[in-house]
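I have placed the structure first, in the form of structure tokens, so that the comments after it can refer back to it.
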Amino acid sequence: MKRKLLVIVLMLSGFLFSSLANPYIDSLKRVEALADHDSTRYNALFDLGLAYYDSVYDKSIQYFQDALVISTKRNAWEQVADIHHRIAMLYFNQGEFDKSLFECQNALSVYTVHKDAKGAGEVNNSIGVLYKTWGRYTKALEYFFLALSEHEKIGYSAGVGMASNNIGQVFFYLEDYKKAIDYFTIYYEISKSNGTAYAVAGVANNIAASYVELNQHEKAINSYKEAAHIYDSLNLAFGVAIINDNIGSLLAKNHDYHGALEHHLGAMQVFI
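Position 182 of the sequence shown, counted from 1, bears residue number 181 in numbering that gives the first Met the number 0, the numbering being contiguous throughout.
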């Protein structure tokens, strides 16, 4: 029984844009049009890029590209690298992966020249995600391990956790479930230490899914229950429902049909 890794998408699309009233957008446009100094114009263009970031990708890209011209002229390398990375993520969201990779490589080259390990690690992680999306898992692992190395070098725990979680996902897809658990556990411990309960719940589910594939069902149930308890404490009914559905499938595999039905019905009440 192949259990999928948990991916819960919070439907936040448009939230940022809708929370920024039109007068705010119009004000930024006026500031940009009337700006006497590059720094003022850059700030307005960058903020416009952010304003459209979650809603109108093409506009966001255009404003960031205009801001990039200014930051390049001013030799503001941190801004240059950051904008290239942001544009890369916008192209990724649009499914334009070749353009996304090109922008990531631009950002990475800047961070590498200036020996910015945190920035390089974050971009390497993004490149890994691109290759993972393409299904090129060996290449994805190469970049995720580069990201992990950069973040370990500077003791950036959030980056270590992020890279470890991605490595765990790739090993899961490659059906190397023991290694998947090893790296998921690193992310689990870091998330727990940082107090990011939502992340703990998500990775607990992924650890459970790995145990299912190893036929270690008791460990799987324990991890599923931990995830469900956390989602319940966060009032995330959809998360609880997904976990209950996973538990139901596992119970059915073990011929506990009454328990399976109970969990599936509980999940269905939320899904419908």
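All C-beta atoms in this analysis are idealised placements derived from N, C-alpha and C, irrespective of residue type, glycine included.
| Query | Result |
| --- | --- |
| On the criterion of 16 or more Cβ atoms from any shown chain inside 10 Å, does Gln168 qualify as buried, or is it exposed? | buried |
| Between which two residues does the alpha helix (DSSP H) harbouring Leu100 extend? | 96-112 |
| Just the C-alpha distance for Ser192 and Asp244, rounded to the nearest angstrom, thanks. | 28 Å |
| Taking C-alpha atoms, which residue in Gln93, Ile220, Met88, Gly160 lies nearest to Asp181? | Gly160 |
| For the alpha helix (DSSP H) that Gly154 lies in, which residues bound it at each end? | Element bounds for Gly154: n/a, residue is neither H nor E. |
| Which same chain residues, not among the five before or five after Val239, have their C-beta less than 6 Å away from its C-beta? | Ala227, Tyr230, Asp231 |
| Would you mind working out which of Ser209, Leu173, Val211, Gly158 sits nearest Tyr186, comparing C-alpha positions? | Gly158 |
| How many angstroms separate the CA atom of Val8 from the CA atom of Gly201? | Residue confidence is low: Val8 scores 36 on pLDDT, short of 50, so the model does not pin down where it sits. No coordinate-derived value is stated. |
| Report the residue from Asp35, Ser38, Asp37, Tyr51 whose alpha carbon sits nearest the alpha carbon of Ile24. | Tyr51 |
| With 16 as the cutoff for other CB atoms within 10 Å, does Ile271 come out buried or exposed? | exposed |
| Please determine if the segment 118-134 and the segment 79-95 are in contact, where contact requires at least 3 C-beta pairs separated by less than 8 Å. | yes |
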